Amino acid sequence: MNYSDSETIMRRNSAIRSFTESVDSDFPPAPELPPSLNIDLHYPEEVLRRSETSETIIEVNFSLN
Numbered sequence: 003m004n005y006s007d008s009e010t011i012m013r014r015n016s017a018i019r020s021f022t023e024s025v026d027s028d029f030p031p032a033p034e035l036p037p038s039l040n041i042d043l044h045y046p047e048e049v050l051r052r053s054e055t056s057e058t059i060i061e062v063n064f065s066l067n
């Protein structure tokens, strides 16, 4: 990668960041959920941080000729 490529990537990333910030500023903050709809309140924090491999979805595609 040369200097020109690095500069192009930096400019692209800056443009993306600027666009994202401008879009975010156009919208009001998201409303808070009432406790009855906030599913995070129904689970202990440790469960939310842990990842279970048994919950991983694996998609397998194959064809028979």
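Quick note on my numbering: the sequence shown kicks off at 3 and runs consecutively.
The C-beta atom is built at its ideal place from N, Cα and C for all residues, glycine as well.
All of these numbers come straight from a predicted model, not from anything done at the bench.
Next item on the list: Helix, strand or coil for E34, going by three-state DSSP, please let me know.
Entry: Of the three classes helix, strand and coil, the one that applies to E34 here is coil, per DSSP.
Notebook entry, point to check: Is V62 helix, strand or coil when you go by DSSP?
Noted result: DSSP places V62 in coil when its eight states are reduced to three.
Checklist line | Three-state class that DSSP yields for F29 in the structure shown | finding: Coil, per DSSP.
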